[in-house]
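Asks:
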Amino acid sequence: MPITTVPTTPFPDQRPGTSGLRKKTAVFRQPRYLENFLQAIFDTLEPSARALLVIGGDGRFYNREAVQIVLRMAAANGVERVLVGRGGLLSTPAASHLIRAHGAGGGIVLSASHNPGGPNGDFGVKFNGANGGPAAEHVTEAIFKRSRELERYRIFDGGADVDIDRIGAARLGEMQIEIVDPVTDYADLMERLFDFEALRALLGGGEFRLRYDAMHAITGPYAAEIIERRLGAPKGSVVNAVPLPDFGGGHPDPNLTYAHELVEAMRGPAAPDFGAAADGDGDRNMILGRDFFVTPSDSLAVLAANARIVPAFAGGLAGVARSMPTSRAVDRVARRLGIPCYETPTGWKFFGNLLDAGRITICGEESFGTGSNHVREKDGLWAILFWLNVLAVRRQPVADVVRSHWRDYGRDLYTRHDYEALDGSAARELIAALRTALPSLPGRARGTRTVRLADDFRYVDPVDGSESTRQGIRIVFDDEARIVYRLSGTGTEGATLRVYIERPESDPAKQNEDAQSALADLVRAADEIAGIRARTGRTHPDVVT
Ligand code: G1P
Ligand code: ZN
């Protein structure tokens with residue numbers, strides 16, 4: 418086989434973050450950069466992953482070239498067989514499903530998720546394990562460690578590029594390649610989980626109107642197949658459906674700031690009944706009703722409370738989990754259902770063990786991530802179909818479903834403020850100063866409140882006992898109001914400070930207040946406690962959700 422061993426030297430910055438290695442596209446395109454990281458993955462692969470590996474990406478700029486490099490290096494590193502999404506495309510949840518459905522030992526997913534794409538945008542590489550989920554921390558650490566000592570990488574350089582646009586079998590040296598339709602298996606899975614008959618009656622009935630915004634990212638073809646073709650929603654229900662390498666110049670992050678086109682379309686009496694969007698690689702979701710935004714934390718709680726409506730969960734839930742900064746709304750649902758609720762650090766990888774061990778069925782994060790045991794990634798379209806299934810049975814507007822949930826369980830007024838592209842050392846100093854101040858905070862009064870607890874979140878995985886420290890500063894007051902600070906682990910430019918602010922409100926008369934004004938005093942407290950203005954020079958967050 419024409420395999421070349423290419424001498425290389427390590428890049429010092431290949432430590433995977435919250436979700437794989439994410440860098441500016443230009444960083445990935447410099448000679449040897451992608452190759453080095455891939456070699457570090459191949460060097461740490463379990464034998465089962467050598468037998469079968471799933472490969473695909475979110476279609477962003479450089480995806481096609483990168484897939485060819487992955488294939489050539491896989492062939493040179495003794496991988497026996499690979500499954501590749503046609504065109505090099507696979508949404509993150511679809512990749513997770515393919516790994517599980519075909520018993521693959523793992524997968525390489527090319528994506529920078531919701532970050533913008535293009536030559537000046539971002540690119541990313543993520544390794545998933547045999548359970549279909551993002552590699553656990555000890556694996557990503559092993560990959561990082563290997564990347565620091567690399568002296569060579571191996572690449573197959575014989576023959577032409579693989580034709581990744583034709584379904585069917587191909588070969589590269591000894592390695593068998595199967596190009597598969599990226600949508601079919603995933604759409605079939607959704608059909609098994611949800612009540613497609615009820616959904617057809619809702620979406621094809623002519624009364625209910627839906628707008629799904631694919632943001633020119635990977636879920637366009639998935640949503641067109643499932644929502645329009647299989648469920649009969651009128652053509653045009655899925656908008657921005659054609660995936661583009663630069664996402665049409667947009668920022669494929671489904672939140673109130675970046676999905677403003679959808680937010681606008683959901684305003685006023687003529688707006689559709691239901692609006693939804695997913696992100697660049699299809700694992701995030703945003704849910705909107707007419708003139709109504711469902712916070713991801715509320716969405717998780719509402720879905721948990723209504724889970725039995727959905728065929729897949731008719732038997733009930735084993736347990737639920739949320740990341741620490743996610744509001745505590747789902748905790749109260751779990752309490753009422755009499756099931757456990759786990760609090761994990763930020764990042765989907767922490768749900769993997771709980772899902773594998775059957776301790777939880779549904780989980781979610783405040784960052785527009787919701788999912789279940791059907792795959793080991795968060796899943797945007799799944800959450801949207803879940804909501805539609807609930808609406809198809811309850812026949813109520815989105816806003817009514819959420820408001821009645823609040824009345825029943827109480828509401829968590831919630832907001833997240835992001836300060837992006839901060840000077841890295843200023844941001845790190847801010848967190849370090851908070852850490853130092855932690856012991857002095859409990860008992861301290863602030864307006865009408867007193868600090869009850871102040872710590873740096875530490876998690877011990879109940880399944881394997883592994884410990885993760887320094888997962889975010891929590892300040893909880895005596896009325897259960899809470900402020901959380903952490904630095905993003907996915908940003909590619911400077912540092913991003915995330916501040917999560919919330920308080921529970923059990924009085925139905927006060928539950929319809931606007932979150933920003935209802936939380937204004939806590940927002941001020943968050944600034945004063947951490948010295949955000951003073952330390953960063955910023956007077957306003959860049960993104961408010
Ligand atoms: C962000 C979100 C986190 C999510 C991750 C990957 O990470 O906050 O919940 O799991 O993206 O989608 P962060 O940038 O905060 O580290
Ligand atoms: Zn994503």
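For the sequence shown, the working numbering begins at 418 and goes up steadily by one. Glycine included, each C-beta is placed from N, C-alpha and C at the ideal position.
(1) Could you tell me the distance, in whole angstroms, from the CA atom of G623 to the CA atom of Y479?
(2) When the Cα atoms are used, what is the spatial distance from L620 to N806?
(3) So T913 and L839 are supposed to be a Cβ contact under 8 Å. How far apart are they, rounded?
(4) Which whole-angstrom value is the C-beta distance of Y424 and E568, which I expect to be below 8 Å?
(5) Assess contact between the stretch 685-702 and the stretch 781-801, defined as three or more Cβ pairs (one per stretch) separated by less than 8 Å. Is contact present?
(6) Tell me whether S436 counts as near the ligand G1P, meaning its Cβ is closer than 6 Å to at least one heavy atom of that ligand.
(7) Give a single yes or no on whether R701 has its beta carbon closer than 6 Å to a heavy atom of the ligand NAP.
(8) Look at the Cβ atom of I900, then the Cβ atom of I918, and state whether they are nearer than 7 Å.
(9) Taking one C-beta from the stretch 512-526 and one from the stretch 465-475 each time, how about it: are there three or more such pairs within less than 8 Å?
(10) Determine the closest residue to A547 out of H531, R517, R563, V526, with distance taken between C-alpha atoms.
(11) Is L648 closer than 7 Å to H791 when the C-beta atoms are compared?
(12) Could you name the residues that DSSP lists as bridge partners for R498?
(13) If you run the structure through DSSP and keep just helix, strand and coil, what is T425?
(14) Between A604 and I594, which are expected to be in contact by the criterion C-beta below 8 Å, what is the C-beta distance as a whole number of angstroms?
(15) Taking the alpha-carbon positions, what's the L771 to L798 distance?
(16) Determine whether the beta carbon atoms of A676 and F573 lie at a separation below 7 Å.
(17) Could you check which residue in D582, A774, F625 has the C-alpha nearest to that of P651?
(18) Give a yes or no on whether the C-beta atoms belonging to Q456 and D578 are separated by under 7 Å.
(19) Whose C-alpha, out of T422, T435, G476, is nearest the C-alpha of N453?
(20) Can you say whether G692 is buried or exposed, counting buried as having 16 or more other CB atoms within 10 angstroms of its CB?
(21) Answer yes or no: the CB of D698 versus the heavy atoms of the ligand ZN, is any distance below 6 Å?
(22) Evaluate contact between the stretch 743-754 and the stretch 822-835, counting only Cβ atoms and requiring at least three cross-stretch pairs below 8 Å.
(23) Do the stretch 442-450 and the stretch 525-544 touch if we need at least three Cβ pairs shorter than 8 Å?
(24) Please report the distance separating the alpha-carbon of M632 from that of E645.
(25) What runs of the beta strand (DSSP E), each 3 residues or longer, lie entirely inside the stretch 784-808?
(26) So, under 8 Å CB-CB, G827 and P921 are touching, yes? Tell me the CB distance rounded to an integer number of Å.
(27) Checking the sheet assignment: what are the DSSP bridge partners for R955?
(28) Can you tell me which of the three DSSP states H531 falls into?
(29) Which residues in the same chain as I801 place their Cβ atom closer than 6 Å to its Cβ, once the five residues preceding and following it in sequence are excluded?
(30) Check each candidate in T886, G882, G860 and name the one with the smallest Cα separation from F894.
(31) Identify which residue in R439, V680, T962 has its Cα closest to the Cα of S714.
(32) Can you tell which of D817, A844, T712 has its C-alpha closest to the C-alpha of R950?
(33) Can you determine whether any heavy atom of the ligand ZN sits closer than 6 Å to the C-beta of H531, and answer yes or no?
(34) The alpha helix (DSSP H) that contains V940, what's its start and end?
(35) Does the beta carbon of E614 fall short of 6 Å from some heavy atom of the ligand G1P?
(36) Evaluate N672 with the Cβ neighbour count: other Cβ atoms within 10 Å of its Cβ, from every protein chain shown; 16 or more gives buried, anything less gives exposed.
Replies: Judging by the given coordinates:
(1) Rounded to the nearest angstrom, the two C-alpha atoms are 41 Å apart.
(2) 10 Å
(3) Right, the Cβ-Cβ distance comes to about 7 Å (below 8 Å), so this counts as a contact.
(4) The question names Tyr, but residue 424 in the sequence shown is Pro. Contact flag correct, Cβ pair sits at about 7 Å.
(5) yes
(6) yes
(7) Although the ligand NAP was asked about, the structure shown includes only the ligand G1P and the ligand ZN as ligands.
(8) yes
(9) yes
(10) R517
(11) no
(12) Q593
(13) Three-state result, T425: coil.
(14) The beta carbons of A604 and I594 sit about 23 Å from each other, so the pair does not count as a contact at 8 Å.
(15) Rounded to whole angstroms, the gap between the alpha carbons of L771 and L798 is 22 Å.
(16) no
(17) F625
(18) No, they are not a contact pair.
(19) T422
(20) buried
(21) yes
(22) Because the criterion of three Cβ pairs below 8 Å is met, the stretch 743-754 and the stretch 822-835 touch.
(23) yes
(24) Taking the straight line joining both Cα atoms gives about 17 Å.
(25) 786-789
(26) Indeed, because the Cβ distance is near 6 Å, the residues count as touching under 8 Å.
(27) Answer is none; R955 lacks a bridge partner.
(28) coil
(29) A693, N702
(30) G860
(31) T962
(32) Here the closest residue by C-alpha is A844.
(33) yes
(34) Secondary structure note for V940: its alpha helix (DSSP H) is the uninterrupted segment 937-947.
(35) No, the ligand G1P has no heavy atom inside 6 Å of this Cβ.
(36) By the Cβ-count criterion, N672 is buried, with 16 or more other Cβ atoms from all chains shown falling within 10 Å of its own Cβ.
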